[in-house]
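Residue numbers (our numbering): 1 to 145. Glycine included, each C-beta is placed from N, C-alpha and C at the ideal position. Keep in mind it's a predicted model, so treat the numbers as computed, not measured. Written below as structure tokens is the structure these notes are about.
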């Protein structure tokens, strides 16, 4: 699905690039990337919020309040499972990989970086983990751009 969307966006950008000057295309591309990164930030925030609400609702309806102590560990476990099983270990951690891609690989990042940070950080933060939202949004925005 992601590959199909990527092909459609690439086709759109190539056809638009032929019709616009270089300056106009750069402005249009920056607007598209900025809007996409903003939507990704909103998606991450809402995803973490809804996971947190879902967990709190389920625990408050039961008598299992002691689970609050284990929730961050459970969230990290699910994030690790997602990276190992769904992404098959193809997960770039940290912003130094972005800097390396900019310096050495013509700023090309894998497409999985668009959604992988949103999912893993949303699960970790939504379950009570102490990670921040800034670095995943930087990585997602860089992959979009």
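Review point. On the three-pair Cβ rule with 8 angstroms, is the segment 127-138 touching the segment 75-93?
Key: By the C-beta criterion, the segment 127-138 is judged to be in contact with the segment 75-93, since at least 3 inter-stretch pairs fall below 8 angstroms.
Point to revise | Whether residue 140 touches residue 114 by CB criterion (8 angstroms) | key: yes
Practice item. Would you tell me roughly how many angstroms separate the C-alpha atoms of residue 88 and residue 13, rounded to the nearest one? Key: 30 angstroms
Exercise for review: Find out if the Cβ-Cβ distance for the pair residue 121, residue 136 is shorter than 8 angstroms.
Suggested key: yes
Check your understanding: Are residue 145 and residue 69 closer than 8 angstroms when you measure CB to CB?
Key -> Result no, Cβ atoms of residue 145 and residue 69 do not sit closer than 8 angstroms.
Review point. Comparing alpha-carbon positions, which option in 44, 15 and 31 lies nearest residue 116?
Key: Relative to residue 116, the option among 44, 15 and 31 whose CA is nearest is 44.
Check your understanding: Any idea what DSSP makes of residue 63, helix, strand or coil?
Key -> Residue 63: coil per DSSP, three-state reduction.
Exercise for review: Would you check if the distance between the CB atom of residue 28 and the CB atom of residue 20 is smaller than 8 angstroms?
Suggested key: yes
**Study point:** Same chain only: Cβ atoms within 7 angstroms of residue 67, ignoring 5 sequence neighbours per side
**Key:** 59
**Study point:** Buried/exposed call for residue 42, threshold 16 Cβ in 10 Å
**Key:** exposed
Practice item. For residue 49, count neighbouring Cβ atoms within 10 angstroms of its own Cβ and tell me buried if that reaches 16, exposed if not. Key: Result: exposed.
Check your understanding: Excluding five sequence neighbours on each side, which residues of the same chain lie with their C-beta closer than 7 angstroms to the C-beta of residue 71?
Key -> 55, 127 and 128
Check your understanding: Are there 16 or more other CB atoms within 10 angstroms of the CB of residue 5, so buried, or fewer, so exposed?
Key -> exposed
Review point. DSSP state of residue 45, grouped into three classes?
Key: helix
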